[in-house]
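> Numbered according to the working numbering, the sequence shown spans residues -19 to 376. Each residue gets a CB set at the ideal place from its N, CA and C atoms; glycine is no exception. Given the structure is predicted, the values throughout are model-derived calculations rather than measurements.
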Amino acid sequence: MHIKVNFSGRALHYTEEEMAVVLEALRTADPLTQGRYQQAFQEKFQTFNSVKHAFAMMNGTAALEVAARLCRLKAGDEVIVPSHTFTSSAYPFAKTGAALVWADINPATRVVDAESIARVLSPETRVIVVVHLYGYVADMPAITALAKERGILLVEDACQAIGADIDGVKAGNFADIGIFSFHSHKNLTTLGEGGMMTVRDDRYAALIPMLRHNGHCAFPGERPDYWKPAMGNVDFPELEGERLWPGNYCLGEVECALGAKQLDRVLTINAEKRLRALAFIDALAGYPELVFHRVDTTRHNYHLLAARMDGSVERRDDFIRRMFYEHGVKCVVQYYPLNRYPLYQKLGFGRADCPNADDFFDHMISFPFQHNLTDEELEHMLSAAKRVLDQQRAGK
Ligand SMILES: *Cc1c(COP(=O)(O)O)cnc(C)c1O
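1) Helix or strand or just coil, what does DSSP make of aspartate 93?
2) Thinking C-alpha only, which one of Arg90, Tyr305, Val246 is nearest alanine 118?
3) Out of curiosity, what's the CA-to-CA distance linking glutamate 252 and leucine 219?
4) For asparagine 228, list the residues DSSP reports as bridge partners.
5) Tell whether a beta-carbon distance below 9 Å holds between aspartate 262 and arginine 274.
6) Quick one: is the Cβ of alanine 42 within less than 8 Å of any heavy atom of ligand 1?
7) Name the one or two DSSP bridge partners that threonine 169 has.
8) According to DSSP, what are the bridge partners of aspartate 137?
9) Hey, glutamine 378 and alanine 36: beta-carbon distance below 9 Å or not?
10) Report the option in Phe349, Leu50, Ala9 whose CA atom is closest to the CA atom of leucine 187.
11) Please find out if some non-hydrogen atom of ligand 1 comes closer than 8 Å to the beta-carbon of cysteine 334.
12) Just mark serine 161 as buried or exposed, buried being the case when its beta carbon has 16 or more other beta carbons within 10 Å.
13) Helix, strand or coil: how does DSSP classify leucine 323 here?
14) Identify the continuous alpha helix (DSSP H) that holds serine 363 and give its terminal residues.
15) If contact is defined by three or more beta carbon pairs under 8 Å, each pair taking one atom from either stretch, is the stretch 305 to 323 in contact with the stretch 338 to 354?
16) Can you round the beta-carbon distance between cysteine 31 and valine 109 to whole angstroms, since I take them to be within the 8 Å contact cut?
17) Could you tell me if the beta carbon of asparagine 39 falls within a distance shorter than 8 Å of some heavy atom in ligand 1?
18) Check whether the Cβ atoms of alanine 337 and aspartate 84 lie closer than 9 Å to each other.
19) Do three or more CB pairs link the stretch 8 to 23 to the stretch 228 to 237 at distances below 8 Å?
20) Secondary structure at valine 117, three-state DSSP: helix, strand or coil?
21) For aspartate 145, which beta-bridge partners are listed by DSSP?
22) So if DSSP puts asparagine -14 in a beta bridge, which residue, or which two residues, is it bridged to?
23) Regarding threonine 65 and ligand 1, is the C-beta to nearest heavy atom distance less than 8 Å?
24) Just list the residues that DSSP pairs arginine 223 with in beta bridges.
25) Count the other CB atoms, across all protein chains shown, that sit within 10 Å of the CB of threonine 354; report buried if there are 16 or more and exposed otherwise.
26) Where does alanine 287 fall in DSSP's three states?
27) Taking DSSP's pairing of strands, which residues face isoleucine 345 in a bridge?
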């Protein structure tokens, strides 16, 4: 099988300028972690997202682990998470002993909304995790109002939605905690792994450096004998008298240097992907059996290009099969509803009342949509899709 359009594990090509920044950081960074490049990346991200505090992390999952600790969950507490998301939106919260409660998606937007969250709220709900899946920002004004009204912490998993916004307010900037990923697949990627956590609460911001780095902190007071009693102290970060476990979630200096540089380009990347997505969607407008989520504003960055195929599951499978075996275009299905995974079933979270998520999963197609697709690859994918759809219609 000759693959012509791969579902690539890599989102983009770096520019010469970005590679030059990497080389410069390789030559000059000292130390190679937690130095001036980290500081610069965080400051630039704060400006980019208009957020008070930003902390670089080794990946999005690490940022979610830290977020889960800041939420200080206990057994019996409940965390609402969409069933239709990537696994690391959810399991860091399960590790605290809290119960996961699955929220359904809105079939039109394929993300949760205030109504689907309200349906699974209970007196035990402590945290709501909202995920801007595929790069579309969920209805944060309504969800934020709901969370505020009830005093529930809100975490925004904006791992796929960097730079997307609602009326100028960027993803990750609505909730108490915002999470970003710079994984190989994402629209901004720091050599394959990387992440960012944003918070507005100064109390959180004061704790995160310790949480992120082994509980390291300074000894109190002036120390002219700087070597005494040792280089640095180790303690628990404490929030309202409660001890939180630290870890080591730091991101290296070279990654930080590259991430800061890429912030100059990410909105252009988003815009280019959005234009291509809209062109692809519009070119298939004559095939309403393939339903896209068409958004021609910056609320969607089209990190991924997903469609729902009307009709039977077999028809969807037939489409993907023909695209691959007859045209070399590798479409995939993402995401598996989390309640169907053994990991969540073994924890007792195997049940979900999420008919829209289940239905979408059974009918969805995710097209290859990395930024580095060539025009020829896109053109081939489009004509292949039309060919297969025509054949399906003709019953061939
Ligand atoms: C990529 C992703 C993550 C995890 O990010 P990593 O950097 O790979 O750890 C979490 N949630 C969502 C929705 C993601 O797409």
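This is what the structure holds:
1) coil
2) Arg90
3) Taking the straight line joining both Cα atoms gives about 43 Å.
4) For asparagine 228, which the question treats as bridged, DSSP gives the partners His193.
5) yes
6) yes
7) In the DSSP output, where bridge partners are listed per residue, threonine 169 has none listed.
8) Among the bridge pairs identified by DSSP, aspartate 137 is matched with Val111, Ile159.
9) Nothing about residue 378 can be read from this structure; the chain reaches only from -19 to 376.
10) Leu50
11) no
12) buried
13) helix
14) 355 to 373
15) Yes: the two stretches touch, three or more of their Cβ pairs being nearer than 8 Å.
16) This sequence places valine at residue 31; cysteine is not what is there. At roughly 18 Å, the Cβ-Cβ gap does not stay under 8 Å, so valine 31 and valine 109 are not in contact.
17) For asparagine 39, the Cβ falls inside the 8 Å cut-off from some heavy atom of ligand 1.
18) Judged by their CB atoms, alanine 337 and aspartate 84 are nearer to each other than the 9 Å cut-off.
19) yes
20) Looking at valine 117 - three-state DSSP - the assignment turns out to be coil, as it is neither helix nor strand.
21) Lys150
22) DSSP output for asparagine -14 lists no bridge partner at all.
23) yes
24) Partner(s): Glu218.
25) exposed
26) strand
27) Ala287
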